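K.L.:
Residue numbers (the working numbering): 4 to 396. All C-beta atoms in this analysis are idealised placements derived from N, C-alpha and C, irrespective of residue type, glycine included. Every value quoted in this text rests on a predicted model; they were computed, and no experiment measured them. I am attaching a structure below and will ask some questions about it afterwards.
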């Protein structure tokens with residue numbers, strides 16, 4: 004077991020990350036002589052100390068997973084993962100970036116004229132939001148249904164990152180671009196993206212520089228973020244977008260994929276609906292600061308105003324919050340109410356903002372009537388909405 008543990012440790016260290024320099028590689032090779040069970044947090048800290056926070060934290064996450072695997076295979080005792088004794092620095096999350104309409108238009112037109120093989124990759128990335136790495140490179144042309152009554156792309160479970168099949172509706176813009184690709188003689192069999200990883204990145208970079216110039220850096224996952232932000236601004240159905248994009252929850256969607264607080268504007272001449280944030284729009288006609296404090300009502304004034312309108316609760320403002328949460332829940336559903344109220348867990352919303360059960364009338368009373376005109380004793384409902392047995396006469 005010692006030899007196996009030593010070999011496994013060498014694999015952990017060498018395959019964790021490609022060495023950025025010879026000195027980094029030399030530092031990692033210091034662990035080759037150690038068994039997995041003998042590696043401590045101090046040993047790993049010495050290796051990672053010269054690196055920046057942004058460089059060391061991905062390595063720590065990788066090592067944590069590998070040491071957890073080592074525990075399952077018996078190379079080190081349970082609960083002795085050295086990464087658990089190290090500190091992960093919580094860095095602020097950056098705002099999601101999207102690609103503007105003008106650059107999207109230029110990228111598509113450049114691909115159509117100069118790199119036809121790249122065009123389907125861009126179309127399905129910008130108009131369907133398919134993950135470019137891992138999903139889009141495995142989609143087949145037989146998964147794309149252009150000529151049906153409802154054009155769509157099927158992401159098979161074997162391709163999807165979450166291992167769940169999903170269908171993405173093709174917009175008229177996407178269908179038009181793919182039809183142009185087909186009319187120009189583009190291939191429609193096998194894989195949609197026939198390029199290998201580095202060849203695909205190189206040709207995409209050439210396309211991006213032709214559209215945006217050399218000074219603007221390519222946005223990581225920019226195609227997917229652009230699709231999700233535009234789709235949400237146009238349709239305003241985030242639950243549906245979660246299914247289309249293949250996310251697990253609304254929280255993941257809002258924090259990693261969609262641009263914060265988008266606002267829908269009339270469509271320009273470009274391909275997409277242009278997005279601007281409410282924060283930028285509010286600066287068009289700013290109110291002078293000396294007048295803002297005068298016009299802003301105080302808390303006692305708000306409470307007095309609510310009581311004058313019939314609110315009798317001890318906390319009128321909180322009562323207003325509960326009422327607005329109930330209205331959002333009734334009209335848009337529990338998930339929308341949870342996001343509106345900014346609850347950390349949907350269970351909190353479910354516990355406080357769901358209407359009490361009410362007895363529903365099915366309208367089938369005449370069909371339940373006895374043949375011999377005997378009276379059917381109805382079931383009585385108590386105040387909690389539970390069905391109780393009728394009292395005997």
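(1) Please confirm whether residue 230 and residue 306 have their CB atoms less than 8 Å apart.
(2) Could you check which residue in 239, 127 and 219 has the C-alpha nearest to that of residue 454?
(3) In this structure, does DSSP put residue 143 in helix, strand or coil?
(4) Where residue 120 and residue 237 are concerned, what is the direct C-alpha to C-alpha distance, given to the nearest angstrom?
(5) Determine, using beta carbons only, whether residue 152 and residue 170 come nearer to each other than 8 Å.
(6) Distance, Cα to Cα, residue 67 vs residue 309?
(7) Might you give, ordered along the chain, the residues of its own chain that have their beta carbon closer than 6 Å to the beta carbon of residue 263, omitting 5 neighbours on each side?
(8) Where residue 69 and residue 81 are concerned, what is the direct C-alpha to C-alpha distance, given to the nearest angstrom?
(9) Measure the alpha-carbon distance for residue 163 versus residue 137 and round it to whole angstroms.
(10) Hey, how far is the Cα of residue 173 from the Cα of residue 117?
(11) Return the CA-CA distance between residue 311 and residue 343, expressed in angstroms with no decimal places.
(12) Quick one: what's residue 194 bridged to in DSSP?
(13) To which residues of the same chain is residue 194 closer than 8 Å at the C-beta, ignoring the five residues directly before and after it?
(14) With DSSP run on the structure shown, which of helix, strand or coil describes residue 295?
(15) Would you mind giving the Cβ-Cβ distance between residue 326 and residue 228, rounded to the nearest angstrom? I have them listed as a contact below 8 Å.
P.N.:
Quick answer:
(1) Taking the first residue of the chain shown as 1, we reach residue 230 at position 227. Taking the first residue of the chain shown as 1, we reach residue 306 at position 303. No. Outside cutoff.
(2) Residue 454 is absent from the structure shown; the chain starts at 4 and stops at 396.
(3) For this step, residue 143 is matched to residue 140 along the chain shown. Correct three-state label for residue 143: strand.
(4) Locating residue 120 in the chain shown gives position 117, where the first residue counts as 1. Locating residue 237 in the chain shown gives position 234, where the first residue counts as 1. Taking the straight line from one Cα to the other gives about 30 Å.
(5) On the chain shown, position 149 is the one that residue 152 refers to. On the chain shown, position 167 is the one that residue 170 refers to. No, the pair does not count as a contact, with Cβ atoms beyond the cut-off.
(6) Within the chain shown, residue 67 is the residue found at index 64, counting from 1. Within the chain shown, residue 309 is the residue found at index 306, counting from 1. Going by the C-alpha atoms only, they are around 54 Å apart.
(7) Mapped onto the chain shown, residue 263 falls at position 260. Since pLDDT at residue 263 reaches only 46, below the 50 mark, its modelled position is unreliable, and no value is offered.
(8) For the purposes of this step, residue 69 is taken as residue 66 along the chain shown, with counting starting at 1. For the purposes of this step, residue 81 is taken as residue 78 along the chain shown, with counting starting at 1. Cα to Cα, the separation comes out at about 13 Å.
(9) Taking the chain shown and counting its residues from 1, the one referred to as residue 163 is at position 160. Taking the chain shown and counting its residues from 1, the one referred to as residue 137 is at position 134. Residue 163 and residue 137: Cα-Cα distance of roughly 8 Å.
(10) For the purposes of this step, residue 173 is taken as the residue at position 170 of the chain shown. For the purposes of this step, residue 117 is taken as the residue at position 114 of the chain shown. C-alpha separation (whole angstroms): 24 Å.
(11) As a first step, residue 311 must be located in the chain shown, where it is residue number 308. As a first step, residue 343 must be located in the chain shown, where it is residue number 340. Cα to Cα, the separation comes out at about 26 Å.
(12) The count along the chain shown starts at 1 and reaches residue 194 at position 191. For residue 194, which the question treats as bridged, DSSP gives the partners 143.
(13) Here the question's residue 194 lines up with position 191 in the chain shown. Closer than 8 Å at Cβ, skipping near neighbours: 140, 141, 142, 143 and 144.
(14) Taking the first residue of the chain shown as position 1, residue 295 is located at position 292. In this prediction, residue 295 scores a pLDDT of 44, lower than 50, which makes its location untrustworthy; no coordinate-derived value is stated.
(15) Residue numbering aside, residue 326 sits at position 323 when the chain shown is read from its first letter. Residue numbering aside, residue 228 sits at position 225 when the chain shown is read from its first letter. With a Cβ gap of about 35 Å, residue 326 and residue 228 do not count as contacting.
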